[in-house]
Amino acid sequence: MSETTEELVRFITEEGLNNGEWGFIHDVFAPDYEVHTAGLALPKGPTAFQLAVQFWKRAFPDFTCSIQQLLSSGDFVTLRFITTGTHTGPLMWMPPTGRGFVVEGVDLHRIENGKVAESWISDDFPRILIELGIVEEPKPPADAAPPTLVVPAATGGV
Numbered sequence: 017m018s019e020t021t022e023e024l025v026r027f028i029t030e031e032g033l034n035n036g037e038w039g040f041i042h043d044v045f046a047p048d049y050e051v052h053t054a055g056l057a058l059p060k061g062p063t064a065f066q067l068a069v070q071f072w073k074r075a076f077p078d079f080t081c082s083i084q085q086l087l088s089s090g091d092f093v094t095l096r097f098i099t100t101g102t103h104t105g106p107l108m109w110m111p112p113t114g115r116g117f118v119v120e121g122v123d124l125h126r127i128e129n130g131k132v133a134e135s136w137i138s139d140d141f142p143r144i145l146i147e148l149g150i151v152e153e154p155k156p157p158a159d160a161a162p163p164t165l166v167v168p169a170a171t172g173g174v
């Protein structure tokens, strides 16, 4: 299937997450695979991956994760990505808005004996909700100064 840990993470991202395929999950995820993510109570085992994919694809059928960078060190692979999607299905109890989102993130996967054993998922759920118009982005008061050591983007800063 995969010759390197980076190829394994690329495979599960492209085939599983992007294409919604999971017939391979028992071949590439450890029997006690564990997902660490906020807000989703997923069981241990390969089906956790399938359930996570189904969660996103139900709300965003066109959900796509574009790999920007893969880095590996020992048993760990870090994935820097951009995800996009259009909210055309229910997201938990929230009805579809028809709006899209673009969010960047970083995930970490631990590989053991050629299989994904653990994943730490950094879904930027607050940003997704803001971009969908479900949650309003907090705005500072009109007379508020920027936080210390932060230069407003409008002045050419960060």
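Mapping the sequence shown onto the numbering used here, position 28 (from 1) lands on 44, and the numbers just tick up by one.
The beta-carbon is built from N, C-alpha and C at its ideal position, and this holds for glycine as well.
This one's a predicted model, so the numbers in the text were calculated from it and none came from an experiment.
{"Check": "With a threshold of 8 Å, are at least 3 pairs of Cβ atoms found where one atom belongs to the stretch 109–127 and the other to the stretch 135–155?", "Outcome": "yes"}
{"Check": "In the DSSP assignment, what residue or residues form a beta bridge with M110?", "Outcome": "L107"}
{"Check": "Quick check on P47: does DSSP put it in helix, strand or coil?", "Outcome": "strand"}
{"Check": "Taking its Cβ as the centre, do 16 or more other Cβ atoms sit within 10 Å of P62, making it buried, or is it exposed?", "Outcome": "buried"}
{"Check": "Confirm, please, whether the CB-CB distance from F79 to T104 is below 8 Å.", "Outcome": "no"}
{"Check": "From K131 to H52, what does the alpha carbon distance come to, in whole angstroms?", "Outcome": "16 Å"}
{"Check": "Determine the DSSP secondary structure at I28, reduced to helix, strand or coil.", "Outcome": "helix"}
{"Check": "Less than 8 Å between the CB atoms is what I'm expecting for F76 and G101, so what's the real figure, rounded?", "Outcome": "3 Å"}
{"Check": "Figure out for me which residue from S135, T21 and Y49 has the closest Cα to the Cα of S88.", "Outcome": "T21"}
{"Check": "Could you tell me the alpha carbon to alpha carbon distance between A161 and E153, rounded to whole angstroms?", "Outcome": "18 Å"}
{"Check": "When DSSP builds the beta bridges, which residues end up paired with E116?", "Outcome": "First, the residue type needs correcting, since residue 116 is Gly and not Glu in the sequence shown. Answer by DSSP bridge pairing, in chain order: T102."}
{"Check": "Rounded to whole angstroms, what's the CA-CA distance from Q66 to E128? Just pull it up for me.", "Outcome": "19 Å"}
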